[in-house]
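Chemist:
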Amino acid sequence: MQLFKRRNKYSTLPVKKKEIPQGLWDKCKNCNEVVYRKLLKENLNVCPKCNFHHPLDVWERMDLLTDKGSFMQIDEGMESVDTLKFEGVASYAEKLESNKRKTGMNDAIVCGTATLDGRPFALGVMDFRFLGASMGSVVGEKVTRLTELATSRRLPLVIVTASGGARMYEGMLSLMQMAKTSGALQRHKQQNLPYIVVMTHPTTAGVTASFASLGDLTLAEPKALIGFAGPRVIKDTTQAELPEGFQTSEFLLKKGMIDRIVNRSELRKELSLCLEYLGSWLLSEPAAQKEDAKGKKSTKPKKGKKQKAPAPLGA
Ligand SMILES: [Zn+2]
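Listed below in structure tokens is the structure:
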């Protein structure tokens, strides 16, 4: 007598596992949710679930912030040199080569001139994929030359920052870029030309301590990490509990370090508006200086004459 039902024999035929195409989904690094990659791209790399702004590469950023086909690159061929012959797990020369292959860039920043809604400006965009967008001699030199170009052509300057800081492979040479870029920006400022910084995740160390913090107007993307030393280093040094949200755009907005947090979907419109406000100022400047220099008709109000107050911005 059979007490138990015989177990069914499973087929031994090989069954092909259903294949899920690779690269369709991404995991958000902030909320750990799985997001459809196409949706993430359509949303400008902003997580639709938690609004975290994932990095854009340099060309995606250019598309976002310039008129189509208007960007003219300068210093494209400038490349870093391994002056110190830095050796580590991988040498600096090897690192440079692999990053060039990975990104198709020669270094961590792309600079040039462009227009946005027809308004010309000088633009530099950093790309975190290239050695953490660290600032070596090339990044420093390109920012300096871009600033000098903006000064000579009387253009507003916009730099989109993202950086892990100084490039340790270049030692002291890398740190010297902080002073060089700051000096060029001071000369741009002396000409009453506007400089707008857009801080993105993450902007830290030597870049924060130089050209990223010198804007006349500092915009930042939401939830971006912005700071000098990392939170762990600060905590160990100060032996103090750090406040909640320390080193985020939201925290720094409250403390007055940045002027405005702008969602990426609004960034193009906001930047265009800023260039319109600051650019209109700019256009009147050289004409007034020219007239003064010639000693002809001056735009300065005559003594005793009442000066009309300028219309408020946005009126
Ligand atoms: Zn998310």
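Per this note's numbering, the very first residue in the sequence shown carries number 15; after that it's consecutive.
Note that the Cβ used here is the ideal one computed from N, Cα and C, for glycine as well.
All of these numbers come straight from a predicted model, not from anything done at the bench.
Near residue 282, what residues of its chain come up, given a Cβ to Cβ distance below 8 Å and the 5 sequence neighbours on each side ignored?
Modeler: For the purposes of this step, residue 282 is identified with residue 268 of the sequence shown, where counting begins at 1. Counting only Cβ-Cβ distances below 8 Å, and skipping sequence neighbours, we find 78, 79 and 130.
Chemist: Within 8 Å, do at least three Cβ pairs link the stretch 86-94 to the stretch 45-62?
Modeler: no
Chemist: Do residue 207 and residue 164 have their beta-carbon atoms positioned less than 8 Å apart in this structure?
Modeler: Locating residue 164 in the sequence shown gives position 150, where the first residue counts as 1. Locating residue 207 in the sequence shown gives position 193, where the first residue counts as 1. Their beta carbons are under 8 Å apart, which means residue 164 touches residue 207 by this criterion.
Chemist: Below 8 Å between beta carbons: does that hold for residue 172 and residue 267?
Modeler: What you label residue 172 is simply residue 158 of the sequence shown in a count that begins at 1. What you label residue 267 is simply residue 253 of the sequence shown in a count that begins at 1. No, the pair does not count as a contact, with Cβ atoms beyond the cut-off.
Chemist: How many Å lie between residue 330 and residue 142 at the Cα?
Modeler: An answer regarding residue 330 cannot be provided, because it is not within the stretch 15 to 329 covered by the chain.
Chemist: Grab me the residues of residue 162's own chain with a C-beta within less than 6 Å of its C-beta, minus the 5 sequence neighbours each way, in chain order.
Modeler: The residue labelled residue 162 in the question sits at position 148 within the sequence shown. If we look at residue 162 and ignore the five residues flanking it on each side, its Cβ neighbours are 198.
Chemist: Tell me which residues share the same chain as residue 128 and place their Cβ nearer than 6 Å to its Cβ, disregarding the 5 neighbours each side in the sequence.
Modeler: If you number the sequence shown from 1, residue 128 lands on position 114. The residues are 80, 84, 85 and 137.
Chemist: Spatial neighbours of residue 293 within its chain, please: CB distance less than 7 Å, with the 5 preceding and 5 following residues excluded, ordered by chain position.
Modeler: One-based indexing of the sequence shown puts residue 293 at position 279. If we look at residue 293 and ignore the five residues flanking it on each side, its Cβ neighbours are 133 and 170.
Chemist: Shorter than 7 Å, the distance from the beta carbon of residue 9 to the closest heavy atom of ligand 1, or not?
Modeler: A query on residue 9 cannot be resolved here, the shown segment of the chain reaching from 15 to 329 and no further.
Chemist: Between the stretch 209-219 and the stretch 181-188, do at least 3 Cβ pairs fall closer than 8 Å?
Modeler: Touching, no.
Chemist: Return the CA-CA distance between residue 275 and residue 265, expressed in angstroms with no decimal places.
Modeler: Position 261 of the sequence shown, counting from 1, holds the residue named residue 275. Position 251 of the sequence shown, counting from 1, holds the residue named residue 265. Their Cα atoms are separated by approximately 11 Å.
Chemist: Am I right that residue 235 and residue 279 are in contact with their C-beta atoms under 8 Å? What's the rounded C-beta distance?
Modeler: Counting from 1 along the sequence shown, the entry for residue 235 is found at position 221. Counting from 1 along the sequence shown, the entry for residue 279 is found at position 265. That pair is no contact at about 11 Å.
Chemist: Between residue 114 and ligand 1, is there a pair consisting of the residue's CB and a ligand heavy atom that are separated by less than 7 Å?
Modeler: In the sequence shown, residue 114 corresponds to position 100, counting from 1. It does not: the Cβ of residue 114 is nowhere closer than 7 Å to a heavy atom of ligand 1.
Chemist: In terms of residue numbering, what span does the alpha helix (DSSP H) encompassing residue 107 cover?
Modeler: The sequence position of residue 107 within the sequence shown is 93, counting from 1. Looking at the DSSP string, the run of the alpha helix (DSSP H) that includes residue 107 is 106-117.
Chemist: For residue 75, does the count of other Cβ atoms within 10 angstroms reach 16, so buried, or fall short, so exposed?
Modeler: Within the sequence shown, numbered from 1, the residue matching residue 75 stands at position 61. Buried: at least 16 other Cβ atoms inside 10 Å.
Chemist: With a threshold of 7 Å (Cβ to nearest heavy atom), would residue 63 be considered close to ligand 1?
Modeler: On the sequence shown, position 49 is the one that residue 63 refers to. True, at least one ligand heavy atom lies under 7 Å from that Cβ.
Chemist: Ligand 1 and residue 280: does any heavy atom of the ligand fall closer than 7 Å to the residue's C-beta?
Modeler: Looking up residue 280 in the sequence shown gives position 266. No, ligand 1 has no heavy atom inside 7 Å of this Cβ.
Chemist: Report all residues from its chain with a CB closer than 8 Å to the CB of residue 307; omit the five preceding and five following residues, and keep chain order.
Modeler: On the sequence shown, position 293 is the one that residue 307 refers to. For residue 307, the pLDDT reaches just 49, beneath the cut-off of 50, and the residue's location in the model is therefore unreliable, although a value from the coordinates is still provided. Cβ within range, chain order: n/a, list empty.
Chemist: For residue 229, collect the residues of the same chain with a Cβ closer than 7 Å to its Cβ; drop the 5 residues on either side in sequence, then sort them by chain order.
Modeler: Within the sequence shown, residue 229 is the residue found at index 215, counting from 1. Cβ neighbours of residue 229 beyond the five flanking positions: 209, 210 and 211.
Chemist: Need the endpoints of the beta strand (DSSP E) that residue 234 sits in, please.
Modeler: Taking the sequence shown and counting its residues from 1, one reaches residue 234 at position 220. Note, residue 234: beta strand (DSSP E), 231-234.
Chemist: Of the residues 241, 252, 273 and 253, which one's Cα is nearest the Cα of residue 259?
Modeler: As a working note, residue 259 is residue 245 in the sequence shown. Closest by alpha carbon: 241.
Chemist: My output table needs one value for residue 185: the three-state DSSP class, helix, strand or coil.
Modeler: If you number the sequence shown from 1, residue 185 lands on position 171. Helix at residue 185.
Chemist: Whose CA, out of 237, 157, 243 and 200, lies closest to the CA of residue 214?
Modeler: Indexing the sequence shown from 1 puts residue 214 at position 200. Considering only alpha carbons, the answer is 237.
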